[in-house]
Structure formats: C-alpha cells, structure tokens
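One structure below.
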Amino acid sequence: MIIEAHDLRKTFHAKRGRGKKEEVEAVRGIDLQVERGEVFAVLGPNGAGKTTTVRMLATFTVPTSGSARVAGFDVAREAAKVRENIGYVSQAGGVDDTAPGIESLLLAARISGMSRRQAQARADELLAAFSLTEIANRPAKTLSGGQKRRFAIAVGLVNAPPLIFLDEPTTGLDPQNRANLWDEVRKLREQGTSVLLTTHYLDEADALCDRLVIVDHGKIVARGTPEELKKEVAGDVVTLRLEDTDAARELLAAQPYVKEVRAEPGTVRAYLDDGEHGLMHMLRTLEENGLGIRSVSLERATLDDVFLKHTGRSLRDAA
Amino acid sequence: MFRHTMLFLGYELRKLFANPVWPLFGIMQPVLYLVFFAPLLRSTVPGGKMTDVLAMFTPGSMMMIALFGSMFAGFGMINETRNGMLERLAVSQAWRPAIILGRLVKDVIVLVLQAILVIGIAALMGLRIGLTEMVLVLLLMAATGLFAASLSYGLALTLRDENGMSQLVQFFAMPLTLIAGLFLPVSLGPQWLQTLAKFNPLYYAVEAGRSLFRGDLSAGTIPVAFALFAALTALTLVWSVRSLRNLAG
C-alpha cells in the first residue's frame, strides 16, 4: 500500500470582513487506499476538495484531523521522509518562468541530494524521455502549455520517486497534448511508478486509471474500477428527446428491463443492461402510448452516469 | 542546510548573470542624486567643501538603495506563490529557510556590488574614505539590506498581491527616509523632528554611516545601528520563513 488515508479532513478559516470568520470544510472525511504500481484517479467537479486532498497527502497542507501514511510514513509526523519518496506536480506546475526549464530541473535534482554530475545525468535522461532536450535552454515563459507541463512532470520525477502526485495534469491542454500526456502516465505505470492524479475529465479517469474515487463536496461518493462503477449503474444509456418527459419517465420506469430513469426538461435518460434489445421494446412502448420522440441515442454508460447516480447532477453541470 | 542555501544562491546568481542589466538601473537613482543634488548642499556644510558634502550625503544615498532596492526584493516571489514554484519547493527535500536565505544572500551580494560602485563614483567626485571605514559601511549597508529584503519577502508571502505590496512599500519607505535624514541630517531640523528620528531605526544606520565616512569610529550610533539591524533582521527573517509555512493555509 503506497497511500493509506483515514478520515482525512481539512477545514479552512477564511476571514470575511472585520472579525467575521467563515469556516470552509474543503475535505470532509476521506479514506483512500492506493496500491503500489497503481494509477489511481480522484475524479470530481471543481471545488470538490481534490486539490486539498492531494496537498495533504503531499505534506503541503496539514490535515485538520484524520491520518495518512504515504510510502509507509506518516504525513504529519514524518513529513521529511514522505517528501523523499514522492514527486508532486501542482496544478500550476511550478516551473520557474524566468529561467530556462533545465535550471528548474537541475536545481530540483541538486536539492534531492545529487552531485552536480549526477544531476546533469538525471536531467539529460528526463529531457530525453519527455522530448524536451531541444527546448531545455529556452526561457520557460516562451514555452507552450504542453511543453511547460512536461517540464513540470519531469521536475516531479527528478528523484525517481515511487509515487507521483499529478494535480489536474491535463487541464488547459489541447487534445493532442492531452493524449501525449496520457501516454506519459501509462509509461510511468509500466516503469512501476504509482500515480495519484486528480481530474475533472471523465474520459481521462476512464482511460487512464486502474481504480478511482469520485469526490463531491469533500466526500467520496463512489469508489472502484471504472468498469465496476459503470456496471453498477447499467451497461447502456438510452437518451430520448421528447415533449412529455413526465409521462415517458413513468412509462419507462414500469418496464422490467429498465433499471433506472432520469428526466430533465426535454430529455429522458433510461439505464438498462442490454441496450440493443431494450431500445426496440422501448420505442414500441412509447409509440403505443402515443408519445412522439424527437431523437434517440444509445450509448455505453460513462462515469458521468455514475456521478449522476450518486450526486443527482451531471459532472458537466457540477462545477 | 548550508548546502541548500548555497544551491538556491547559485540558482539566483545564475539567473542574475543571465540578465545583469537590472541592478545597474538600481544604482542610477543614488548616482543621479550624487551628481545633481549633492552640489546643492554645499551651502549647508561649514566651509562648503565638496569632500565634506560627499561624506555627509553618500551614506544617505547608499542607505537609499539598501532600503528601496531591497524593499522590492520580494516582488518576484509573489508570482512564485501563484505559479506553483513555492508549493513544489515546500514539499521537496529543500530545507525551507534556505528558500529565503539563498535569495537574501543574493540580494546582499548585489547590494554590496552596487554600493561599491556608488562609493567609486563618489570617490571620483572627491570623497575620501579609509578601508576599515569602508568595510564597516558596507557591512552596515548589508545589515540594512538584509532587514529590508527579509521584510519584503515576508510581506510578499503574506500579501501575495503586487498592487497591495507596492502601495505598502511606498507608504512606509517615504516617511522612513524623510525622518531618517537620508538627504540632510535631521540635526539641521527642529527638535521634534530630531526626537521623532530617534524612533526610526534607519536614522541610526544613516548617522552611523556618516560617522564612518568622517572617519569617526568611536561614534555611539555605530554599535547601536549594528545591534538594531541584527535584531530587526532576525525578527523579519523568522517572520518571512514562517510566512512560507502559512502558504498552505
């Protein structure tokens, strides 16, 4: 077990005007177990407490209560030992804009205890691995978002840690760079590095992680492998666009092959295990009852459906 | 600990040497004062000799860079509270005080080099000063700079806002320099101003500087100034390192 967290909580005290204090419970009791070598995702909308959780595990923020062991060491009492065993790439990246990227890399290597020569060798290795050799000496402020992010991850890996934290690693990247970064994360897993990443992209969690937790309002609402979680909802989703959503919902909920129905203005989503067969029944039933539909689509259930099931709202709307 | 401080210092110095022009702009102000303002002061000095004017005015202009230059040292750090750099360093194996100490030592090195240039220009204009006195003046200036710079890092980490910080620095720097008698000794002023100046640490630094430039090593303000700035630096340094911890909330 590379991460073991029990009932982690963090309450911030924000000052609001004179003498007034507002308590913000950013994280409200999180339990986590991450195995060695695993890519583990924390999925949730903005403001769910993902960053605060990672910051506590990475020893940046001290938990208000609860405990966590990272790489076998307590985050509060043995922070220095934890720091030797982790890489941490914050959402902002943390590469010095005012110097060439290689300088950040070399400094990080020297801080982790390497000699000048070892640092140079390790930097060269990482530059090559992340295709950064050619731009190593360019001022970081002239680099693109994707290049900067690659530098940030290279810096995070400088001490070859068994565990790396990636906080929202692909936020703000274009699709091409996102795909490249996913490949980098997969490579890390192949090399045996454990990865804990946070994301608010469903497809990212789905494509990349072995296991995940879904967090909302500082709490875990679901956990498991992406497949387990999706199966829990249903195999397929049929989305119908029609006028009389209430009638359609009642009608479909009564069908034995439909597991669950959700209605929003103008749309009804029906969850069922065998969509190909169920769809035909469904259309027939609707027609027999005189409910005209404007459009219909059949998709595999996604993690968004899992989120919807547990929180009552779509992740896309939750931010 | 020492190793990490040296690493951060080396990093900062490399950045500085990659772009060494800016500190030269920093000494423009005291040099302009020396050239264009000091001659106006001849009538205030008994005898009106330029040597005496320079001995009176040069310490003030040096303290000006020590204070103004260093009070803005923390500006660069405000961005680092946002771009994740400090966050990353805070969870690295770095000894935390080294993050600030490395920068402080760089600031002081730049300051001393600037001061040597200013003294050099003053010397060309006719200033004469002994070696011991000069070394002591530079040390005094370094102490003032250390205080102002660590205060600046503390402010930067606490405020984390460029606008607020520049307003606050201006707000404090102006009265401090006026009440210290940076340009003209407060002894020329009324009694209330002289009393007020006694509460301003910078006053002792400027007066100690003037005594040293006159070659008066026995002046009481010299040990007072050193003790005062050693104590103030210790306080602001501890504060700025603590502010680093508060980043995490």
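Protein chains in written order, with the numbering used here: chain A, 1 to 319; chain W, 320 to 568.
Just so it is clear, CB atoms sit at the ideal spot from N, CA and C, and this is done for glycine as well.
Check                                                                                                                                                                                        : Outcome
Quick one: what's got a C-beta closer than 7 Å to T50(A)'s C-beta in the same chain, skipping five residues either side?                                                                     : Reading the sequence as shown, one finds Lys at residue 50(A) and not Thr. Cβ within range, chain order: V42, G44, T198, V215.
Determine the DSSP secondary structure at T355(A), reduced to helix, strand or coil.                                                                                                         : Residue 355(A) is absent from the structure shown; chain A starts at 1 and stops at 319.
To be precise: take each residue of the region 109 to 125 of chain A, compare its Cβ to all Cβ atoms of chain W, and keep it if any distance is under 9 Å. Which residues remain?            : R110, I111, S112, G113
How about the region 58 to 66 of chain A and the region 6 to 13 of chain A: do they share at least three Cβ pairs that are nearer than 8 Å?                                                  : yes
Determine whether the beta carbon atoms of F331(A) and A413(W) lie at a separation below 7 Å.                                                                                                : This structure gives no information on residue 331(A), because the portion of chain A shown stretches from 1 to 319.
When DSSP builds the beta bridges, which residues end up paired with L166(A)?                                                                                                                : V89(A), L197(A)
Here's the rule: buried if 16 or more other CB atoms are within 10 angstroms of the residue's CB, otherwise exposed. What is Q147(A)?                                                        : buried
Using DSSP bridges, identify the partner residues of R4(A).                                                                                                                                  : It is Glu, not Arg, that sits at residue 4(A) in the sequence shown. Beta-bridge pairing links E4(A) to Q33(A), R69(A).
Could you list which residues in chain W have their beta carbon closer than 7 Å to that of L107(A), in chain order?                                                                          : L326, Y330
Could you give the DSSP three-state label for R262(A): helix, strand or coil?                                                                                                                : strand
Can you tell me whether M375(W) is buried or exposed, with buried defined as 16 or more other CB within 10 angstroms of its CB?                                                              : buried
Is M404(W) buried or exposed, if buried means 16 or more other CB atoms sit within 10 Å of its CB?                                                                                           : buried
Identify, in the order they occur along the chain, each residue of the same chain with its Cβ nearer than 6 Å to the Cβ of M369(W), setting aside the five sequence neighbours on each side. : G445
Under 7 Å Cβ to Cβ from A253(A), same chain only, skipping five residues before and after it: list those, please.                                                                            : V261
Would a check of beta-carbon distances place K425(W) closer than 7 Å to chain A?                                                                                                             : no
Using a Cβ-Cβ cutoff of 8 Å, what residues of the region 59 to 87 of chain A are near chain W? List them in chain order.                                                                     : T59, F60, T61, V62, A80, R83, E84, I86
Between R223(A) and E38(A), which are expected to be in contact by the criterion C-beta below 8 Å, what is the C-beta distance as a whole number of angstroms?                               : So it is not a contact: roughly 13 Å between Cβ atoms.
If you reduce the DSSP assignment to three classes, tell me which class A270(A) lands in.                                                                                                    : strand
Could you check what DSSP says for R18(A) in three-state terms: helix, strand or coil?                                                                                                       : coil
For the region 481 to 510 of chain W, list every residue whose C-beta sits within 9 Å of some C-beta in chain A, in sequence order.                                                          : none
Among N398(W), G388(W), R447(W), L443(W), whose alpha-carbon lies nearest the alpha-carbon of K425(W)?                                                                                       : G388(W)
For a contact meaning CB atoms closer than 9 Å, what does A468(W) contact in chain A?                                                                                                        : Per Cβ cutoff of 9 Å: no residues; A468(W) is ~18 Å from chain A at best.
Along chain A, which residues have their Cβ under 8 Å away from the Cβ of E526(W)?                                                                                                           : What E526(W) touches in chain A: nothing, since even the nearest Cβ is about 38 Å away.
I220(A) bridges to which residues according to DSSP?                                                                                                                                         : V215(A)
Hey, out of T302(A), D305(A), Q255(A), whose CA is closest to M282(A)'s CA?                                                                                                                  : Q255(A)
Please report the straight-line C-alpha distance between T496(W) and S115(A), rounded to a whole angstrom.                                                                                   : 46 Å
In whole angstroms, give me the CA-to-CA distance for L459(W) and M383(W).                                                                                                                   : 13 Å
Would you say D174(A) lies against chain W (beta-carbon separation less than 7 Å)?                                                                                                           : no
Quick one: Cα of G539(W) to Cα of A549(W), how far?                                                                                                                                          : 16 Å
Which chain W residues sit within Cβ distance under 7 Å of D304(A)?                                                                                                                          : Per Cβ cutoff of 7 Å: no residues; D304(A) is ~29 Å from chain W at best.
Applying a beta-carbon distance threshold of less than 7 Å, which residues of chain W neighbour T98(A)?                                                                                      : K334
Taking only three categories from DSSP, how would you classify I293(A)?                                                                                                                      : strand
Chain W partners of S90(A), CB-CB under 8 Å?                                                                                                                                                 : G403, E406, R407
Within its chain, find whatever has a CB closer than 7 Å to the CB of G473(W); leave out the 5 residues flanking it on each side and keep chain order.                                       : T555, W558, S559, S562
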